[in-house]
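Enquirer: Let me begin by handing over the structure; questions about it come next.
Numbering (the UniProt record's numbering), first residue to last: 1 to 298.
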């Protein structure tokens, strides 16, 4: 089952958006208010897929294509309604209750997703730890809507980061079986702050994609003690860690490489922070990140 999860993640936002567009196109509208209500309802679904969908599997840029298709579909459905029946208000032209309920539900979800960019509580600001390319937040933010797996695992302040190719994908294929096919695999990890190394593990193998090691959740990892708190960087490549406990670390110092060790389906950087033993939110160069955030480093 775990091997098919990347395919499910990849298909989900495309399928949700596509079904919504077809639904908007096929609905029979009795009046302008009825049409407007359904456009708002379907628009809220498209917005949800746009904000929270893991587009990195198909293409980050595909989300903008669906926004354009939604606009075209809404306009086309409006003119089709005008051609099929001139507007005249009757009892049958009332706004659909279903459209209102759908709009309200997804408006709440979208509000939670947007609010996830503004985490509550203490925030630890550090330098972004990757340096060469375009990076994408696969999970993150202060909401179960944008950070579901971490929220369920009681590590909701954690962030998962992957790297994109020129097409806005983390790999050339949807779910490749080779670790080397992932853009971030083997990527150098740099120290996000000045401090000292507290803990290191470097002995676990890198799992084939879709085969997590649930017995060792963090896999190979580094815990870095900064002035502001401690930072855990997990799922690192075996044999790549260049530091040992007690070493001093400076900002931008090479520490390790990104791998696929531990409880992970595919290569990515898992990073989280604590202060005085309590989880805190991370920001990078003053920027709070959530799902679908992009960071470009040159």
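Ideal Cβ positions, reconstructed from N, Cα and C, are used throughout, including at glycine.
(1) What's the C-alpha gap between residue 250 and residue 194?
(2) What beta strand (DSSP E) runs, 3 residues minimum, are completely inside the UniProt domain "M23ase beta-sheet core" (218-280)?
(3) Quick one: measure Cβ to Cβ for residue 143 and residue 44, integer angstroms, because I've assumed they're closer than 8 angstroms.
(4) Since residue 50 and residue 25 are thought to touch, with beta carbons under 8 angstroms apart, how far apart are those beta carbons, to the nearest angstrom?
(5) How far does the alpha helix (DSSP H) with residue 12 in it extend, from its first residue to its last?
(6) Please tell me whether residue 59 and residue 140 are closer than 9 angstroms, where the distance is taken between their beta carbons.
(7) Are there 16 or more other CB atoms within 10 angstroms of the CB of residue 76, so buried, or fewer, so exposed?
(8) Out of 267, 200, 262, which one is the CA nearest neighbour of residue 218?
(9) Which two residues bound the contiguous alpha helix (DSSP H) that contains residue 134?
(10) Within 10 angstroms of its Cβ, does residue 208 collect 16 or more other Cβ (buried), or is it exposed?
(11) Below 9 angstroms between beta carbons: does that hold for residue 164 and residue 136?
(12) Which of the three DSSP states, helix, strand or coil, is assigned to residue 111?
(13) Nearest by alpha-carbon distance to residue 23: which of 38, 13, 279, 6 is it?
(14) Can you tell me where the alpha helix (DSSP H) holding residue 40 begins and where it ends?
(15) Would the beta-carbon of residue 186 fall within 9 angstroms of that of residue 259?
(16) Residue 179 lies in the alpha helix (DSSP H); which residues open and close that run?
(17) Report the option in 16, 134, 274 whose CA atom is closest to the CA atom of residue 52.
(18) Give a yes or no on whether the C-beta atoms belonging to residue 273 and residue 279 are separated by under 9 angstroms.
(19) Assess contact between the region 219-226 and the region 235-247, defined as three or more Cβ pairs (one per stretch) separated by less than 8 angstroms. Is contact present?
Expert: On the basis of the data shown:
(1) The straight-line gap from Cα to Cα measures roughly 4 angstroms.
(2) For the UniProt domain "M23ase beta-sheet core" (218-280), whole beta strand (DSSP E) runs of length 3 or above, ordered along the chain, are 220-226, 230-236, 254-257, 269-275.
(3) The Cβ separation is near 16 angstroms, so there is no contact.
(4) Between residue 25 and residue 50 the Cβ distance is about 18 angstroms, and since that is not below 8 angstroms, they are no contact.
(5) 5-26
(6) no
(7) Under a 10 Å Cβ-count criterion, residue 76 is classified as exposed, with fewer than 16 other Cβ atoms of the shown protein chains found around its own Cβ.
(8) 262
(9) That residue, residue 134, is in no alpha helix (DSSP H); its beta strand (DSSP E) goes 133-139.
(10) exposed
(11) yes
(12) Correct three-state label for residue 111: helix.
(13) If you compare the alpha carbons of 38, 13, 279, 6 with that of residue 23, the shortest gap goes to 38.
(14) DSSP places residue 40 inside the alpha helix (DSSP H), whose first and last residues are 32-52.
(15) yes
(16) Careful: residue 179 lies outside any alpha helix (DSSP H) and carries neither H nor E.
(17) 16
(18) It is a contact, given that the beta carbons lie within the stated cut-off.
(19) yes
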